[in-house]
Amino acid sequence: MSFVVVDRALLADHATVVAPRLLNKILLRDDGRAVRIVEVEAYGGAEDGASHARGGPTARCAPMFGPPGHLYRYLIYGMHHCANVVTGPDAKGQAVLIRAGEPVARLDALRVARPRARRDVELANGPAKLCEAMSIGPALDGADLCDPSGLLRLVDDGTAPPRRPGRSTRIGITRDTARRWRWYVPGDPCVSGRSPS
DNA sequence: CTTTGGATCGTCT
DNA sequence: GACGATCCAAAGG
């Protein structure tokens, strides 16, 4: 089974449409490290009070208003990174946060990048853990995840998204908490924390 | 098992 | 000047 880069057209829809579509897709690093995406959250533009893009473009969230398929990476709590895939038909300020992944290749390298993980399940079962395991930092800001020769790629190994994904409210936000914009692979051991409803 | 608090700094108000 | 789209270790049941 080979990896094929995800077509940009798949990402050119509203974040809430793209998010469940990304479940079971794979993030692939140039050194072969790979994790299967098992948990995502959609973040919108001006209509979404929880989004970094709620007030329009800023220096930080500018990538969210760029073309789909690029990486929006930001620093949270002064010490962790979070990775998003920019989505949307045009510059609407939308992105999908990659919240958790299941290790699928180069586990040795993933363990080296994230030594605090005591078990392999903990290598990428959280948005900042995933970034640490995959070495996603400022150097990758704005990277085109659809570029077949890029350092970080969004690829498909032929596994379809779950027919009936789990769904809940988003985790860790303080505004617009009612939207159920989180999707995950039901029963996957790498889904982060305990699931809200 | 659950709960709590500390770490740490770029970004926006 | 305040606040996070988080993680972890320590402490308590």
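With numbering that gives the first Met the number 0 applied, the first sequence covers 0 to 196. Even for Gly, the Cβ is constructed at its ideal location relative to N, Cα and C.
9 angstroms Cβ cutoff met for residue i and residue j
i      : j      : result
ILE265 : LEU151 : It is not possible to answer for residue 265, since the shown part of the chain is limited to 0 through 196.
ARG181 : VAL39  : yes
ALA116 : ILE97  : no
TYR76  : CYS60  : no
CA nearest to the CA of residue i, picked from the options
i      : options                          : result
ALA142 : THR176, GLU101, ASP175 and PRO66 : PRO66
ASP6   : ARG166, ALA45 and ASP156         : ASP156
ALA159 : PHE2, ASN23 and SER1             : ASN23
LEU106 : MET78, LEU21, ARG35 and GLY192   : ARG35
GLY68  : GLY92, ALA127 and SER50          : GLY92
PRO188 : ASN124, LEU153 and PRO137        : ASN124
ALA33  : PHE2, SER50 and ALA49            : PHE2
HIS79  : ALA49, ALA112 and PRO126         : PRO126
Where residue i falls, given that 16 or more other Cβ within 10 Å makes a residue buried
i      : result
LEU74  : exposed
GLY186 : exposed
Residue i - DSSP class collapsed to helix/strand/coil
i      : result
GLU46  : coil
PRO188 : coil
PRO137 : helix
CYS81  : strand
LEU153 : strand
THR15  : helix
ARG7   : helix
ARG35  : strand
LEU109 : helix
Residue i CB to nearest heavy atom of the ligand ADP below 8 angstroms
i      : result
ASP146 : With respect to small molecules bound, the structure shown includes none, and the ligand ADP cannot be examined in it.
* To do: Check whether the segment 2-21 touches the segment 82-95, taking contact to mean three or more Cβ pairs, one atom from each stretch, closer than 8 angstroms.
  => yes
* Asked: Just checking, does the segment 44-55 make contact with the segment 16-32 on the three C-beta pairs under 8 angstroms criterion?
  -> no
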